[in-house]
Amino acid sequence: MLSGGKLSPGFAVRLNLMVDPAILIFALHRATATGGLPHAAWIAFAVGVWLVVGIALRHYDPSAYDRAAFDDAALVTVLVMGVSTLLETAHLLAPASVIVPAVPRFFLWAWPMLTATRLFFFRQLARREAPLDQVLILGTGPMARLTGEDVSKRGRQRVVGYLRFANEGAKDEDLLARLSFGPTAPRVIGSVEQIDRILRTTPVDEVYVAGRARWHADEMQAAIRICERLGIPFALPAYSFRLERARPVDGEAVSDGYLHYHSHAPQPGAFALKRMFDVVASSAALWLFTPLFILVALGIKLTSRGPLFFRQERVGLRGKRFNMLKFRSMVVDAEARKAHLAARNEQAGPVFKMRNDPRVTRIGRVIRKYSIDELPQLINVLRGDMSLVGPRPPVPSEVEKYEAWQRRRLSVRPGLTCIWQVSGRNQISFEEWMYLDMQYIDHWTLAGDFNLIFKTVPVVITGRGAS
């Protein structure tokens, strides 16, 4: 379990999966006046629902412990309210002879206990597990070695590798190798000259430029330009370079000897409010649209064979991949058929779009026209893969064909809607689409997000621009 003061990866999750059901059983027992088999059956059912929904929303995903405290509190609240709604529904529908746990007493016991253990116990345990954030360090000299040690000690970051500067030789690399222990210790994975290729193929959360301006100024400046173009946050030693777009992140400067920069205006408070709105709005929308989900599910199952949902790998924030959910609107072998339809692609660039796509099912045409097929992505929003507003998440094959400036789309969390959706969608070119996304990133405000949501509603209702 313990190794060098660190917990084995997943330990907090496993413990959380044992403690949460125990708290739920206690709360449900306290909320019920009588015992017996019906009582035990209700408890088992409620705990089962909690675990299924919790796992679906990534409440027990190891990476979930790296979320903001508000996200954790909000998800616990959503799960407790979900079980409460289940109990209240059972209370209304069950015969008088069946005893159902009382919702107010259950909520009073469960919510504070589950929230407190998550925020003040399991998050602390998770910080002692294997780090998650991916850091790339430029340099192999003394500054790079000290930076690597410092990053590793913080406990929430992992050095994916080092890149050597032109005048750094085998001596620096040998010393770095001797000071790095274990088969998974970071190694020199290339030269600074190769940073563009490496950032395109490896998900990196931040680049530390651990060089000296006296010897490495040109290479450092070139690397900074590439980070700016790709939208990758970077950290510089506490002296500045000429910067075109990036701005320092408030509150993070100098504490570790580095100035931290993002390629868009850092607004930590506003981003926290954006995430808060995402969680609250997506939770409410999922409850509100439940009857519609049931009708669509019946329509899909009655009119075509295959699964209810279509899961597709997409590229999210910082190039990290996730499975995006949609109601299935096409035939089961749609992806296999796409190669035969490539000549009929009506969208320039790497994206495939065509009107009257023969792969679309009968009910698929309806749910695509009104964007109903996109509603399951509310689950992706709640899980933290996406936001309500942001550039649409691309598929990996599209990202491989991006020009450098287009990769900056990956510097923000992808969304359900953005400027593109309210500007004609499939009626505008790929190049215009990319520029609209850059405009969103460079001029982002919370008020702008609300404005885009309000503009999206009439577009969805009328089906304007959909294919």
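Here the sequence shown is numbered in my numbering, starting from 198 and rising by one per residue.
Glycine included, C-beta positions come from ideal geometry on N, C-alpha and C.
Among Arg361, Ser281, Met278 and Pro430, which residue has its Cα nearest to the Cα of Gln331?
On the sequence shown, position 134 is the one that residue 331 refers to. Residue Pro430 is the option with its Cα nearest to Gln331.
Can you check DSSP and say which residues form a bridge with Ser480?
Taking the first residue of the sequence shown as 1, we reach residue 480 at position 283. Per DSSP, none; premise fails for Ser480.
Please classify Leu360: does DSSP put it in a helix, a strand, or coil?
Locating residue 360 in the sequence shown gives position 163, counting from the first residue. Strand.
Please determine, among Ala209, Leu284, Leu572 and Asp554, the residue with the shortest C-alpha to C-alpha distance to Ala224.
Looking up residue 224 in the sequence shown gives position 27. Of Ala209, Leu284, Leu572 and Asp554, the residue nearest in Cα terms is Leu284.
Contact under 8 Å by Cβ, Leu470 with Leu643
Position 273 of the sequence shown, counted from the start, is the residue given in the question as residue 470. Position 446 of the sequence shown, counted from the start, is the residue given in the question as residue 643. Their beta carbons are under 8 Å apart, which means Leu470 touches Leu643 by this criterion.
Chain B within 8 Å of Val528, Cβ atoms only
The structure shown has no chain B; it contains just one protein chain.
Between Asp402 and Arg515, is the Cβ-Cβ spacing less than 8 Å?
The residue labelled residue 402 in the question sits at position 205 within the sequence shown. The residue labelled residue 515 in the question sits at position 318 within the sequence shown. Their beta carbons are under 8 Å apart, which means Asp402 touches Arg515 by this criterion.
Excluding the 5 residues preceding and the 5 following Ile423 in the sequence, name in chain order all residues of the same chain whose CB lies nearer than 6 Å to its CB.
Taking the first residue of the sequence shown as position 1, residue 423 is located at position 226. Within the same chain, Ile423 has close Cβ partners Ile392 and Asp393.
Buried or exposed for Gly387, going by 16 or more other Cβ atoms inside 10 Å?
For the purposes of this step, residue 387 is taken as residue 190 along the sequence shown, with counting starting at 1. Gly387 is exposed by the Cβ-count criterion.
To the nearest angstrom, report how far apart Thr659 and Pro488 are at their CA atoms.
For the purposes of this step, residue 659 is taken as the residue at position 462 of the sequence shown. For the purposes of this step, residue 488 is taken as the residue at position 291 of the sequence shown. If I take the Cα positions, the gap works out to 21 Å.
With DSSP as the reference, label Leu645 as helix, strand or coil.
As a first step, residue 645 is located in the sequence shown; it is residue number 448 there, counting from the start. Looking at the sequence shown, residue 645 is not Leu but Gly. In the structure shown, Gly645 sits in a helix (DSSP, three-state: H, G or I).
I need the straight-line Cα distance from Ser479 to Leu575, nearest angstrom please.
As a first step, residue 479 must be located in the sequence shown, where it is residue number 282. As a first step, residue 575 must be located in the sequence shown, where it is residue number 378. Ser479 and Leu575: Cα-Cα distance of roughly 5 Å.
Coarse secondary structure for Gly251, derived from DSSP in three states
Taking the first residue of the sequence shown as 1, we reach residue 251 at position 54. Helix.
On the DSSP bridge assignment, give the partners of Asn520 in chain order.
For the purposes of this step, residue 520 is identified with residue 323 of the sequence shown, where counting begins at 1. Paired residue(s): Glu510.
Short of 7 Å in beta carbon distance, which residues of its chain neighbour Gly379, apart from the five on each side in sequence? Order them along the chain.
Here residue 379 is taken as the residue at index 182 of the sequence shown, counted from 1. For Gly379, the predicted model reports a pLDDT of 47, less than 50, meaning its position is unreliable and no value from the coordinates is stated.
Helix, strand or coil at Pro218 according to DSSP, with G and I counted as helix:
In the sequence shown, residue 218 corresponds to position 21, counting from 1. It is helical.
Where does Val401 sit, in a helix, a strand or coil, going by DSSP?
Walking along the sequence shown from the start, residue 401 turns up at place 204. Residue state, collapsed to three classes: coil.
Backbone CA spacing between Ala313 and Ser620 [nearest angstrom]
What you label residue 313 is simply residue 116 of the sequence shown in a count that begins at 1. What you label residue 620 is simply residue 423 of the sequence shown in a count that begins at 1. Straight-line Cα distance between these residues: approximately 45 Å.
Buried or exposed for Asp217, please, with buried defined as at least 16 other CB atoms from any protein chain shown within 10 angstroms of its CB.
Against the sequence shown, residue 217 aligns to sequence position 20. So Asp217 counts as buried.
If contacts are defined as beta-carbon pairs under 8 Å, then Val512 and Pro383 qualify, I think. What distance do you get, rounded to the angstrom?
Translated into the one-based positions of the sequence shown, residue 512 becomes position 315. Translated into the one-based positions of the sequence shown, residue 383 becomes position 186. That belief does not hold up - the Cβ atoms of Val512 and Pro383 are roughly 24 Å apart, past 8 Å.
Ala435 - DSSP class collapsed to helix/strand/coil:
Here residue 435 corresponds to residue number 238 of the sequence shown, with the count starting at 1. Ala435 falls in the coil class under three-state DSSP.
Beta-bridge partners of Val406, as assigned by DSSP
Looking up residue 406 in the sequence shown gives position 209. BP columns for Val406 point to Leu335.
Buried versus exposed call for Glu185 [16 or more other C-beta atoms within 10 Å across all chains shown]:
Any property of residue 185 remains undetermined from this structure, which presents the chain solely from 198 to 664.
Could you say if the segment 622-635 and the segment 557-567 meet the contact criterion of at least three C-beta pairs nearer than 8 Å?
no
In angstroms with no decimal places, state the Cα-to-Cα distance between His457 and Leu433.
Working through the sequence shown from its first residue, we reach residue 457 at position 260. Working through the sequence shown from its first residue, we reach residue 433 at position 236. So the two alpha carbons sit approximately 7 Å from each other.
Let me confirm a value: Ala266 is counted as buried when at least 16 other C-beta atoms fall within 10 Å, else exposed. Which label applies?
Counting from 1 along the sequence shown, the entry for residue 266 is found at position 69. Flag for Ala266 reads exposed.
What would DSSP say about Asp330, mapped onto helix, strand or coil?
Within the sequence shown, residue 330 is the residue found at index 133, counting from 1. Strand.
Return yes when the Cβ of Val563 is within less than 8 Å of the Cβ of Leu649, no when it is not.
Numbered from 1 along the sequence shown, position 452 holds the residue referred to as residue 649. Numbered from 1 along the sequence shown, position 366 holds the residue referred to as residue 563. No, the Cβ-Cβ distance between Leu649 and Val563 is not below 8 Å.
For Asn520, count neighbouring Cβ atoms within 10 angstroms of its own Cβ and tell me buried if that reaches 16, exposed if not.
Within the sequence shown, the letter at position 323 stands for residue 520. Result: exposed.
Please report the straight-line C-alpha distance between Glu390 and Gln636, rounded to a whole angstrom.
For the purposes of this step, residue 390 is taken as residue 193 along the sequence shown, with counting starting at 1. For the purposes of this step, residue 636 is taken as residue 439 along the sequence shown, with counting starting at 1. Distance between the alpha carbons of Glu390 and Gln636: 30 Å.
Supposed close pair Arg472, Asp268 - CB separation, criterion 8 Å
Residue 472 sits at position 275 when you count from the first residue of the sequence shown. Residue 268 sits at position 71 when you count from the first residue of the sequence shown. Correct: roughly 7 Å between the Cβ atoms.
Residue range of the unbroken beta strand (DSSP E) whose run includes Val586
For this step, residue 586 is matched to residue 389 along the sequence shown. It spans Ser584 to Val586 - the beta strand (DSSP E) in which Val586 sits, taken as one unbroken run.
Is the CB-CB distance between Ser568 and Val657 below 8 Å?
Locating residue 568 in the sequence shown gives position 371, counting from the first residue. Locating residue 657 in the sequence shown gives position 460, counting from the first residue. Contact: yes.
Could you pull out every residue in the same chain whose Cβ sits closer than 7 Å to the Cβ of Ala467, ignoring the five residues on either side in sequence?
Translated into positions along the sequence shown, residue 467 becomes position 270. Only Leu643 meet the Cβ criterion.
Looking only at its own chain, which residues have a Cβ that is under 7 Å from the Cβ of Pro339, when we skip the five neighbours before and after it?
By one-based count along the sequence shown, residue 339 stands at place 142. Taken in chain order, the list of residues that qualify is empty.
Considering only C-alpha positions, which residue in the set Tyr257, Leu505, Val406 and Gly612 is nearest to Phe319?
Taking the first residue of the sequence shown as 1, we reach residue 319 at position 122. Phe319 has its Cα closest to that of Tyr257, out of Tyr257, Leu505, Val406 and Gly612.
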